[in-house]
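With the sequence shown counted from 1, adding 1 to any position gets you the working numbering. Ideal placement from N, C-alpha and C gives every residue a C-beta, glycine not left out. These numbers were taken from a predicted model, which means no experiment stands behind them. Structure record follows, encoded as structure tokens.
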Amino acid sequence: MARSHSFFSPAETASGTTLAELSLAMLLISILVGLSFPNIRHLNALAQSTLTLQRLSKAVESAKVSAISSGEIVTLCGSEDSRSCQGKWSEGVLSFIDRNGNRELDNIDQPLNWQSMKDIEGVISWKAFGNRQYLLMDPQGMMGTQNGSFTYCTEEADHSFAVQLVINRTARARMRRDLDPLDYCHN
């Protein structure tokens with residue numbers, strides 16, 4: 002009678018994973034990672050829009066406090082170079098005590114703060130009565146008859162994370178997320 006030969010004795014059995022089991026596990030892991038990726042992008046875009054508006058809100062609040070504490074008019078404007086107002090809010094935000102009231106940073110004026118916004122992944126625009134591209138804070142911390150809103154539009158094609166920072170005449174700000182991006186964001 003022929004005896005079969007085995008590499009393993011009956012008491013010894015091979016244990017481990019087969020190639021099919023390993024392939025199935027890798028497939029499941031890749032599916033889970035693939036499904037979570039859009040959620041990570043969603044959270045990142047949401048955080049970016051919130052942080053951008055918080056930075057703008059702090060700049061407005063800082064200008065208001067400076068106007069009250071100095072007893073002088075403070076101008077807040079978009080600036081790419083920290084030395085002049087060009088209305089480019091996506092580049093940076095400049096605040097200064099505007100001693101001659103011409104809304105430009107001159108030798109007589111006192112620069113207060115410049116915050117770069119070049120690291121954001123979107124566009125910031127300011128819309129106000131009279132299409133003024135600056136905010137003026139009087140010594141009482143008010144914006145006179147001026148109010149308006151900053152709109153932040155993401156670089157995403159659908160602008161689904163567009164948000165606004167609405168600022169009233171008392172320089173109080175509130176965030177607005179219920180926008181129709183097509184009304185506010187234009188590429």
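Coarse secondary structure for residue i, derived from DSSP in three states
i	result
residue 79	strand
residue 147	coil
residue 128	strand
residue 161	coil
residue 96	strand
residue 106	coil
residue 19	coil
residue 88	coil
residue 152	strand
residue 123	strand
residue 187	coil
residue 171	coil
residue 35	helix
Per DSSP, cross-strand counterpart(s) of residue i
i	result
residue 176	166
residue 137	76
residue 117	93
residue 111	98
Given residue i as reference, the closest of the options once Cα atoms are compared
i	options	result
residue 155	120, 140, 172	120
residue 163	73, 35, 31, 53	53
residue 84	71, 104, 66	104
residue 99	116, 126, 82, 136	136
residue 143	153, 64, 101	64
residue 145	153, 170, 157, 123	170
residue 125	69, 185, 17	185
residue 101	86, 40, 76	76
residue 130	28, 168, 20, 62	168
residue 45	173, 176, 161	161
Buried versus exposed call for residue i [16 or more other C-beta atoms within 10 Å across all chains shown]
i	result
residue 128	exposed
residue 141	exposed
residue 74	buried
residue 138	buried
residue 122	exposed
residue 165	buried
residue 152	buried
residue 93	buried
residue 118	buried
residue 222	Only positions 2 to 188 of the chain appear in the structure, and residue 222 is not among them; the question remains open.
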